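Enquirer: Take a look at the following structure, please.
There are 2 protein chains.
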Amino acid sequence: MANLINVAKLAGVSRATAARAFSSPESLRPETHRRVVEAARALGFRPNKVAQQLRAQATLMLGVMVPSLDNPVFAEQLQAMEEAARAAGYSLIVTTSSYEPSREEAIVEEMLRQRVDGLALTVADADHSAVLAKLRRENTPCLLVHNPPATSYFSSVGVDNHTAMADATRHLIALGHRRIGMIGGPLLQSDRARLRHEGYREAMVAAGLTSLPLIEMPRHTQVALSQLEPVLGGADGLTAVLCTNDLLAISLIGELRRSGRSVPGDLSVMGFDGIELGRHLYPSLSTVVQPRAEFGRVAVETLLALIRGEDPQPRPLPHVLREGESAGSPPAPYQAPEPSVS
Amino acid sequence: MANLINVAKLAGVSRATAARAFSSPESLRPETHRRVVEAARALGFRPNKVAQQLRAQATLMLGVMVPSLDNPVFAEQLQAMEEAARAAGYSLIVTTSSYEPSREEAIVEEMLRQRVDGLALTVADADHSAVLAKLRRENTPCLLVHNPPATSYFSSVGVDNHTAMADATRHLIALGHRRIGMIGGPLLQSDRARLRHEGYREAMVAAGLTSLPLIEMPRHTQVALSQLEPVLGGADGLTAVLCTNDLLAISLIGELRRSGRSVPGDLSVMGFDGIELGRHLYPSLSTVVQPRAEFGRVAVETLLALIRGEDPQPRPLPHVLREGESAGSPPAPYQAPEPSVS
DNA sequence: TTGTAGGCGTTATCAG
DNA sequence: CTGATAACGCCTACAA
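As they're listed, the protein sequences go chains R and L.
Heads up, the first sequence is in this note's numbering, so the first residue is -9 and it goes up one at a time.
Heads up, the second sequence is in this note's numbering, so the first residue is -9 and it goes up one at a time.
Structure below.
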């Protein structure tokens, strides 16, 4: 109904002239331009992006796939991406994968059919991802977010997970902790979990301490304290725990306090991600801050560079240790009462 | 390059036949079908949705606009919407408005140009929204999420904010509280804030108690304790506070504890939204649960019904009071020491 | 400054 | 069962 043809008719000009009234108004006689604009308004004309996209062979759309939006780290990053994309004239198609390969597959296929100009993906394990393997054969620009560079075929935006977790570990060691454990969500095989655990291990070893295997929690957002009891109790129980994300840390703190323990009195807890909320809790969360807003901006910028055909080499984003109230000195070891001097 | 024409050529058939191999394979001779499929695979053919959308005059896309993704209530709802939409064959274009009218305007215009099949919007105040006024003149189906029905021109999905907050208030009253206040984010004029405050007021009045004005915090996610001190201290200070969202409540609890007060010992705190995280905190959050996942499902279903030309009449979604550890009995009033009997 | 015309990739209609 | 053709709405050489 309200297309350029009708606008042209009503204005008494050709399709081309009507089109030019929008794409290059300065090339029109003012009077002509006015007539077209007038007609467009009268008809409630609104340019059809779908037709523009078909014609231009470009959609100005980016496809974004995150594992979930339940974790604020992804939601906050997505928010930043959306703002950056909008500022550059791009729209976002947003999907969640739950890390399920079949969904990842379907989502990416769908987005390719939609002819998105670029993809920003977060997958479980970039090294063993079927969907990434397939994407190598396509020529749609693709950027990994959070996933380490891996095969280095795809550009990637994220912090240095290895160093970041090593820093967190050293922080706890500096506070005096010696028996430090680490817990993670149900995806121990994820590339980030591996790197973070490796960072922890290295820092422990470098300090002459014993590193423990990553303890797997049944969910990404909730600890099962019962699974932790064995390593907590006793004289040689842990005095500090690193978590692979803030939600786990928050849940752990809650469970500990509910079980009558104090944080950090009985156990120090550190998170990872630096979600906003962590600042406001009591005890506030000690954590490794990933700059989520910068993530979003850099991700979009990098992806747009890829789309322009450039070869951006994004550097790892800087992480920051945010000291909160959830990590402190270890409890004083139990001392047998000594005879007093006096 | 890899379009139907080339596939047709390679398969030695016409465009139409090539197309049919995908849209109605059963209408082709098996051998023909095989040849087309073979050719498609050889060329890496992938149907072009943009062309399909242009041709079909429908995009199978929904436009979603939320105020922000920093608040898990929106992120969790969005996640549910995405899953429901995907299940129905729709994609989501996601945007954030920060409640800024100019962004709302630009976003909606953009989505209309993109010819989304429907819009799901959350605005600050549905009664005084310029963008909604404009949308009334368009014929793109539009659904409000969270906003109360307002003018009743647009369908709307959400809880009954009035009753929900009244329920929360009655809960505190039942616990023994008499001096109960309410705090909100910086958008006191939002339709939901109004309704919730009204619900609070009614419940207070019905119990013969004094309702107070909504106290405005500078941000949606963070309290300024200094602004609250006046109403907290003293013998007639508040014993309980209702918050318009969970993040405010969590922040309030953190600030209170950091200032040496206990929750709920000194002050009971209730949130609103029921974000997952609230369960895991210590003290766990007493709150009014909005069924976010159901929100998402119902929103998508309702919007799809609108798109089909039906006239769905979504009922308010049921809210649930979740009792947590952050609300309890009020502190015993200060008693002047009495002469002991003995 | 404005008009003409072809094509972006797909699908529905109508013949054959 | 298959082929030819027009149309979805827009843009942009190329002409005039």
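In this text, a Cβ means the ideal position worked out from N, Cα and C, and glycines have one as well.
Keep in mind it's a predicted model, so treat the numbers as computed, not measured.
Quick check on the burial criterion: 16 or more other C-beta atoms within 10 angstroms. Buried or exposed for T85 (chain L)?
Expert: Buried, because 16 or more other Cβ atoms sit within 10 Å of the Cβ of T85 (chain L).
Enquirer: Quick check on S332 (chain R): does DSSP put it in helix, strand or coil?
Expert: For S332 (chain R), the pLDDT reaches just 41, beneath the cut-off of 50, and the residue's location in the model is therefore unreliable, leaving the point undetermined.
Enquirer: Can you tell which of L:R182, L:E72, L:I173 has the C-alpha that lies nearest to the C-alpha of D115 (chain L)?
Expert: Checking every option, the nearest Cα to that of D115 (chain L) belongs to L:R182.
Enquirer: Between L:H187, L:G224, L:C233, which lies nearest to P203 (chain L) when the distance is taken from Cα to Cα?
Expert: Minimum Cα distance to P203 (chain L) is reached at L:H187.
Enquirer: For a quick check, are the C-beta atoms of V253 (chain L) and S316 (chain L) less than 7 Å apart?
Expert: Yes, Cβ-Cβ distance for V253 (chain L) and S316 (chain L) is below 7 Å.
Enquirer: By DSSP, does A110 (chain L) sit in helix, in strand, or in coil?
Expert: Correct three-state label for A110 (chain L): strand.
Enquirer: Classify I(-5) (chain R) as buried or exposed, calling it buried when 16 or more other Cβ atoms lie within 10 Å of its own Cβ.
Expert: Classification for I(-5) (chain R): exposed.
Enquirer: When burial is assigned at 16 or more other CB atoms within 10 Å of the CB, is H118 (chain R) buried or exposed?
Expert: Per the 10 Å Cβ criterion, exposed.
Enquirer: Give a yes or no on contact between the region 225 to 245 of chain R and the region 125 to 145 of chain R, applying the rule of three or more CB pairs nearer than 8 Å.
Expert: Touching, no.
Enquirer: Below 8 Å, can you find three or more Cβ-Cβ pairs linking the region 43 to 57 of chain R to the region 256 to 266 of chain R?
Expert: They do not touch, by the three-pair rule.
Enquirer: What would DSSP say about A65 (chain R), mapped onto helix, strand or coil?
Expert: It is helical.
Enquirer: Hey, quick one: how far does the alpha helix (DSSP H) through S180 (chain L) stretch, first residue to last?
Expert: Counting along the chain, S180 (chain L) falls outside any alpha helix (DSSP H), and DSSP gives it neither H nor E.
Enquirer: Mind reading off the beta-carbon distance from E66 (chain R) to I265 (chain R)? Whole number of angstroms is fine, and I expect it under 8 Å.
Expert: Confirmed, about 7 Å.
Enquirer: Chain L beta carbons: is any one of them nearer than 7 Å to that of Y143 (chain R)?
Expert: No - not a single Cβ of chain L is within 7 Å of the one on Y143 (chain R).
Enquirer: Hey, could you find the ends of the beta strand (DSSP E) I97 (chain L) is sitting in?
Expert: Run containing I97 (chain L): none in the beta strand (DSSP E); it sits in the alpha helix (DSSP H), 91 to 103.
Enquirer: Report all residues from its chain with a CB closer than 8 Å to the CB of L133 (chain R); omit the five preceding and five following residues, and keep chain order.
Expert: G108, L109, A110, L111, F144, S145, S146, V147, A289, T292, L293, L296.
Enquirer: Chain L beta carbons: is any one of them nearer than 7 Å to that of P37 (chain R)?
Expert: Interface residue, yes.
Enquirer: Under 7 Å Cβ-Cβ, which residues of chain L neighbour V84 (chain R)?
Expert: Neighbours of V84 (chain R) on chain L, chain order: E72, L82, V84.
Enquirer: Within a Cβ cutoff of 6 Å, which residues of the same chain sit near S180 (chain R), ignoring the five residues on either side of it in sequence?
Expert: Around S180 (chain R): A114, D115.
Enquirer: I need the straight-line Cα distance from R305 (chain R) to R184 (chain L), nearest angstrom please.
Expert: Taking the straight line from one Cα to the other gives about 47 Å.
Enquirer: Report the rounded CA-to-CA distance for V40 (chain L) versus M101 (chain R), giving the unit in angstroms.
Expert: V40 (chain L) and M101 (chain R): Cα-Cα distance of roughly 11 Å.
Enquirer: Would you mind working out which of L:Q212, L:E206, L:R168 sits nearest A196 (chain L), comparing C-alpha positions?
Expert: Residue L:R168 is the option with its Cα nearest to A196 (chain L).
Enquirer: Is it buried or exposed for G286 (chain L), if we count other Cβ within 10 angstroms and need 16 for buried?
Expert: That one is buried.
Enquirer: Sort L:G171, L:S58, L:Q303 by Cα distance to L199 (chain L) and report the nearest one.
Expert: Nearest option by C-alpha distance: L:G171.
Enquirer: Determine the DSSP secondary structure at E128 (chain L), reduced to helix, strand or coil.
Expert: In this structure, E128 (chain L) counts as coil in the three-state DSSP scheme.
Enquirer: Would V106 (chain L) pass as a contact of L165 (chain L) if the rule is Cβ separation under 7 Å?
Expert: For V106 (chain L) and L165 (chain L), no; Cβs fall outside 7 Å.
Enquirer: Would you check if there are 3 or more beta carbon pairs closer than 8 Å linking the region 25 to 37 of chain R to the region -3 to 11 of chain R?
Expert: In short, these stretches touch, since the Cβ pair count reaches three.
Enquirer: Should I240 (chain L) and H210 (chain R) be called a contact, given that it needs their Cβ atoms to be closer than 7 Å?
Expert: It is not a contact, given that the beta carbons lie outside the stated cut-off.
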